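Its first residue numbered 363, the sequence shown is counted upward by one per residue in our numbering. All C-beta atoms, glycine included, are put in the ideal place defined by N, C-alpha and C. Just so you know, these numbers come straight off a predicted model, no measurement behind them. First comes the structure, then the notes that go with it.
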Amino acid sequence: MKKTGIRMKYYLAPMMGYTDCYLRNLAENLYGNDIQTFSEMIVDKAIIYNESKTIGKHFLDNNKSAIQIAGSEPQEIKQAIKILNNIDIINHVNFNLGCPSSRVQENKLGLALTKEPELVADCLEALVKFKKEISVKCRLGLGLEEDKKYIDNYLSLFTKMGIKTVFVHCRNGILDLGTKQNRIIPKINYNLFLECQKNHPDLNLIPNGEINNIETINYLIKQKISNLMIGRQFSKDILFIEKIGLYDLKNKKISVLKFLSDIKLHKFPNINLIKKSIFTLLNNLTSSKSLRKDISNIQNLELLSSYFEETEIWT
Ligand SMILES: Cc1cc2nc3c(=O)[nH]c(=O)nc-3n(C[C@H](O)[C@H](O)[C@H](O)COP(=O)(O)O)c2cc1C
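As structure tokens, then:
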């Protein structure tokens, strides 16, 4: 249940090593249609050469997540999209144009691809062959300096290609700089994001980056922004929007039990990853430490469900 006067929508940002199928499923069980989740970045080649293993690894049958893909060869993206068009549970493809990691850079993926706007256009032409929802995720600029032209040109390109939804990590990305440094050195620039919104009113621009406290969220709401993409804060504390008074989760226990029972239907559930997602529920509780200890010692899903059934975690 929402507590703000306006209808908010939350987006769980794609995060490699964090937003696996379990954390996403937990979020979907807690927030229903008020959240859209995204898979970790998946390279198009993994879909082409190992479709069922890749989809099986990243998606539970009832995940409503978008799949985030990366690629830099239009023919391969086209092939991957052709495959994704035939998978019922895939309803939304997001294209990564922002990842600065060196491994990704070597293959001209993510942020590195944006050095070549014509190639980006060719890749997007392949992407738009997806028959359901499409979006992209990008940065505000390439390099340390503010570069309004970079983002403006890309937003114009997305418009031209018919891509309406754009998730904007509101800081530049710098190639040849580590991923961690890339989240520290280039500064968050919501002002430029707001300027982009004004200049591209036909696009649905969704901000991302350091949206992790009520002051920032209230500031964005004041700017009439009701869609927020949040990464690290959700991955630490999946209940944080409730804690800061933005959301009222009527019955967390029922949602968690539903999550655990859905997962039982999965062929090869990974108990350690399931526990990792469960830990995101326990942030800042007075009994966090003992709950974590108990849960760490549980070895199967049946016992995990019984534990949640019997323990009063949220009174
Ligand atoms: C560990 C980690 C992994 C990430 N993996 C991805 C990814 O696979 N795809 C992507 O587009 N962004 C990825 N990101 C970037 C996040 O989606 C997000 O843009 C960034 O963390 C800023 O948002 P935040 O301040 O809300 O965390 C990752 C970030 C982190 C910290």
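{"query": "Beta-ladder partner(s) of TYR373, from DSSP", "result": "GLN398 and MET591"}
{"query": "Test item: CB-CB of ILE404 and ILE431 under 8 Å", "result": "yes"}
{"query": "Same chain only: Cβ atoms within 7 Å of ARG501, ignoring 5 sequence neighbours per side", "result": "GLY460, LEU473, HIS531, ARG533, ASN534 and GLY535"}
{"query": "Heavy atom of ligand 1 within 7 Å of HIS454 beta-carbon", "result": "no"}
{"query": "Residue from GLN595, LYS615, TYR669 and GLU664 whose Cα sits closest to the Cα of THR677", "result": "LYS615"}
{"query": "Heavy atom of ligand 1 within 7 Å of MET377 beta-carbon", "result": "yes"}
{"query": "Other residues of its chain near LYS637: CB distance less than 6 Å, five sequence neighbours each side excluded", "result": "ILE657"}
{"query": "Distance, THR521 Cα to VAL528 Cα", "result": "10 Å"}
{"query": "Cβ-based neighbour list, ASN391, same chain, cut-off 8 Å, excluding 5 preceding and 5 following", "result": "SER617, VAL618, LYS620, PHE621 and ASP624"}
{"query": "Bounding residues of the alpha helix (DSSP H) (the contiguous stretch that carries VAL498)", "result": "Element bounds for VAL498: not the alpha helix (DSSP H) but the beta strand (DSSP E), 495-504."}
{"query": "ASN553 versus LEU565, THR578, LEU486 and LYS626, residue with shortest Cα-Cα distance", "result": "THR578"}
{"query": "LEU643 beta carbon less than 8 Å from that of ILE600", "result": "yes"}
{"query": "Simplified DSSP assignment, three categories, for THR527", "result": "strand"}
{"query": "Any non-hydrogen atom of ligand 1 within 7 Å of GLN595 CB", "result": "yes"}
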